[in-house]
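Visitor: Pasting a structure here, questions to come.
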Amino acid sequence: MTHSGTRLRRGAVTAAVVGALIAAAAGCTARGTTATASVPAAVDATHATASPSPSGPATGGVRTLTPAVTRQLDASVRQVMGEAGVPGVTVGLWTHGQGTYVRSFGAADRSDGRKMSPDLYTRIGSETKTFTVTALLKLVAEGRVGLDDPIGRYVGGVPGGDGITLRDLAGMRSGLFNYTDDPAFFKALTSDPQRPFTPPQLLSYAFGHRPLFPPGRKFSYSNTNLILLGMVVERAGGMPAADYIRENVLAPAGMDHTLLPADAAFPVPHAQGYTDQTASGAVEETAGWNPSWAWTAGAMISNLDDLHTWARTVATGVLPDGTTLIGSTTQKQRLTTLPTTIPGAGYGLGIFDVQGWIGHNGSMPGYESLTVYLPSAQATLVVLLNTDISHDGAEPSTLVGEAVTKIVSPGHVFDLPAQHAAR
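If you want it as structure tokens, here you go:
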């Protein structure tokens, strides 16, 4: 998959291009650009149910999770794990009246053989962006900020900040250099993965480079954008970003196991993470790495149950109790897409749509995740892994997501390819 936001590589930190909005609805225009809008091992833990209907494609294009389909899923996930060398993975698939599939496979920690399980906390990388942008949209709905406000109104020292809007930042069209692509940043992080970073320090790596293009001209995935939006949330919200997100996004959704940490603290139980994005290129354990370098672009922690809740909430703007988190007008803006550098892909405001699956992926050293919702079938897919080591240029979360959706939603296959240019 295109790399999910906060991915590192030897010699350069890689940014994840996370998009793919295969558009479906009405057209829109941004700075003169016309675009379309999309609204729309042994099994360690098993919780699978199925209705008695046939196993072929059903309403919304999702197959009923019969025992035969469940066996197909088990075999396919195990095959990906074996081929890609994935230590452990949890897959959650929830459908509307066609069954539920929740499985964990493999090891949570290779050192002691502890098994992967659905109750583990995990680092969710760039899925954080969906929460940060939701916080921003709450402030927009309250009239405290405007999507077309310039970032220079809230944060000083941004190159061209008077011409870059909050919409440009949320839609990855600011042109600002991605700080995680700076070699000096990569060296600083990998030489001491436990060190803390502040938002101004992160921005200093970005602002040492000229903007890539004038704002609004094209798509370029940049974690710098979300650091700036985190600072806007703090200024306009009147409190730390972690507190604003908790009080205005997580609490209304009932997500008690999701947080934006202030340091390297990692709630238990959690899996050990494994990465080759290190100073030496050797595989290292990452559970103790400090995620402050990703902050509101990628530092959040969650678990399977909370991400199950979030998938539908972020894709629809509606809370589990049926009340509104984000109003329809603002939600429509969130799901309005513009072209990206990836063929057949587009990106909204901190969210993507791949063949109808709406949501986001995430990658941090040692961890990957995928949380998406298919409105046509009211289906949710969550994939959690304890490695980010790519296989033949593909993200392990994409490999699992593609394997699952080829079976359960053959008309909606999550097949976003990795693009070297996006790293």
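Position one of the sequence shown corresponds to residue 798 (my numbering), numbered consecutively onward.
We put the CB at the ideal spot given by N, CA and C, even for glycine.
#1: Give, in chain order, every unbroken run of the alpha helix (DSSP H) that is at least 4 residues long and sits entirely within the segment 1091-1132.
#2: Note down the Cα distance separating Val-836 from Ala-1079, rounded to an integer number of angstroms.
#3: Name, in chain order, the residues that DSSP records as bridge partners for Met-1161.
#4: Are Ala-1108 and Val-1205 touching if we call contact CB-CB under 8 Å?
#5: Identify every run of the alpha helix (DSSP H) within the segment 939-992, keeping only runs that are complete inside it and at least 4 residues long; order them along the chain.
#6: Would you mind giving the Cβ-Cβ distance between Gly-889 and Val-1111, rounded to the nearest angstrom? I have them listed as a contact below 8 Å.
#7: Thr-1177 lies in the alpha helix (DSSP H); which residues open and close that run?
#8: Starting from Tyr-898, trace the beta strand (DSSP E) in both directions and tell me its first and last residue.
#9: In three-state DSSP terms, what is Ala-1191?
#10: Could you tell me the distance, in whole angstroms, from the CA atom of Pro-1207 to the CA atom of Thr-1133?
#11: Tell whether a beta-carbon distance below 8 Å holds between Pro-980 and Thr-1072.
#12: Measuring CB atoms only, is the segment 889-906 touching the segment 861-868, in the sense that at least three cross pairs come out at less than 8 Å?
#13: Just list the alpha helix (DSSP H) runs in the segment 1015-1103, keeping only unbroken ones of 4 residues or longer that don't cross its boundaries, in chain order.
#14: What does DSSP give as the partner residue(s) for Tyr-918 in the beta ladder?
#15: Taking C-alpha atoms, which residue in Val-1201, Leu-966 and Gln-991 lies nearest to Ile-1024?
#16: With C-beta atoms as the reference, is Val-1030 less than 8 Å away from Leu-1146?
#17: Would you call Thr-977 buried or exposed, if buried means 16 or more other Cβ atoms sit within 10 Å of its Cβ?
#18: Along the chain, where does the beta strand (DSSP E) that runs through Thr-887 open and close?
#19: Cβ atoms of Ala-1084 and Phe-1063: under 8 Å apart, would you say?
#20: How many Å lie between Thr-877 and Leu-1167 at the Cα?
#21: For a quick check, are the C-beta atoms of Glu-1165 and Gly-879 less than 8 Å apart?
#22: Taking the Cβ atom as the reference point for each residue, do Met-1052 and Asp-1103 lie within a distance shorter than 8 Å?
#23: Determine the direct distance from the alpha carbon of Val-1210 to that of Gln-1152, and round the result to whole angstroms.
#24: My assumption, with CB atoms under 8 Å, is that Trp-1092 sits in contact with Gly-1027. Please give the rounded CB distance.
#25: With a Cβ-Cβ cutoff of 8 Å, do Gly-1124 and Ala-938 count as a contact?
#26: Does Leu-999 come out as helix, strand or coil in the three-state DSSP assignment?
#27: Over the uninterrupted alpha helix (DSSP H) stretch that includes Asp-871, give me the two end residues.
#28: Give me, in chain order, the residues of the same chain whose beta-carbon lies closer than 6 Å to that of His-1054; leave out the 5 immediate sequence neighbours on both sides.
#29: Among Pro-1088, Ala-1038, Arg-907 and Leu-963, which has the Cα closest to the Cα of Gln-991?
#30: Quickly, what does DSSP pair Arg-1007 with across the bridge? List them, please.
#31: Once DSSP output is grouped into helix, strand and coil, what is the label at Ile-1204?
#32: Which residues bound the beta strand (DSSP E) around Phe-1149?
#33: Short of 8 Å in beta carbon distance, which residues of its chain neighbour Arg-1043, apart from the five on each side in sequence? Order them along the chain.
#34: Which residues in the same chain have their Cβ closer than 7 Å to the Cβ of Pro-947, if we skip the five residues on either side of it in sequence?
#35: Short of 6 Å in beta carbon distance, which residues of its chain neighbour Asp-1212, apart from the five on each side in sequence? Order them along the chain.
Guide: This is what the structure gives:
#1: With a minimum length of 4 residues, the continuous alpha helix (DSSP H) runs that stay inside the segment 1091-1132 are 1092-1095, 1101-1113 and 1125-1131.
#2: Model confidence at Val-836 stands at a pLDDT of 33, short of 50, so the residue's coordinates are unreliable; what they give is reported in the following sentence. C-alpha of Val-836 to C-alpha of Ala-1079: approximately 43 Å in a straight line.
#3: According to DSSP, Met-1161 bridges with Tyr-1164.
#4: It is not a contact, given that the beta carbons lie outside the stated cut-off.
#5: For the segment 939-992, whole alpha helix (DSSP H) runs of length 4 or above, ordered along the chain, are 963-967 and 980-988.
#6: Actually they are not in contact, since the Cβ atoms of Gly-889 and Val-1111 sit about 16 Å apart, beyond 8 Å.
#7: That residue, Thr-1177, is in no alpha helix (DSSP H); its beta strand (DSSP E) goes 1176-1182.
#8: In this chain, the beta strand (DSSP E) harbouring Tyr-898 covers 897-906.
#9: In this structure, DSSP gives Ala-1191 an extended state, which the three-state scheme calls strand.
#10: For Pro-1207 and Thr-1133, the distance between alpha carbons rounds to 25 Å.
#11: Thr-1072 is positioned such that its CB atom lies no closer than 8 Å to that of Pro-980.
#12: Yes: at least three Cβ pairs fall under 8 Å.
#13: The segment 1015-1103 contains these whole alpha helix (DSSP H) runs: 1020-1034, 1038-1042 and 1092-1095.
#14: His-1067 and Asn-1100.
#15: Closest option to Ile-1024, Cα to Cα, is Leu-966.
#16: Result no, Cβ atoms of Val-1030 and Leu-1146 do not sit closer than 8 Å.
#17: The residue is buried, with at least 16 neighbouring Cβ atoms inside 10 Å.
#18: Per DSSP, the continuous beta strand (DSSP E) segment holding Thr-887 begins and ends at 885-891.
#19: Going by C-beta atoms, Phe-1063 is nearer than 8 Å to Ala-1084.
#20: Note that residue 877 corresponds to Val in the displayed sequence, not to Thr. Val-877 and Leu-1167 have their C-alpha atoms spaced approximately 15 Å apart.
#21: Against a cut-off of 8 Å, the Cβ pair of Gly-879 and Glu-1165 comes out as no contact.
#22: In this structure, Met-1052 sits near Asp-1103, with a CB-CB distance shorter than 8 Å.
#23: A straight-line Cα-Cα distance of about 6 Å links Gln-1152 and Val-1210.
#24: So it is a contact: roughly 6 Å between Cβ atoms.
#25: Against a cut-off of 8 Å, the Cβ pair of Ala-938 and Gly-1124 comes out as a contact.
#26: In the three-state scheme derived from DSSP, where H, G and I count as helix and E and B as strand, Leu-999 is classed as helix.
#27: In the DSSP assignment, Asp-871 falls within the unbroken alpha helix (DSSP H) covering 864-881.
#28: So the qualifying residues of the chain are Asn-1100 and Asp-1103.
#29: Here the closest residue by C-alpha is Pro-1088.
#30: Partner(s): none; Arg-1007 has no beta bridge.
#31: Ile-1204: helix per DSSP, three-state reduction.
#32: From DSSP, the beta strand (DSSP E) with Phe-1149 extends over 1149-1151.
#33: Cβ neighbours of Arg-1043 beyond the five flanking positions: Leu-1056 and Leu-1057.
#34: For Pro-947, the CB contacts under 7 Å within the same chain, skipping 5 residues up- and downstream, are Gly-958, Asp-959, Gly-960, Ile-961 and Thr-962 in chain order.
#35: The answer, listed in chain order, is Glu-1199.
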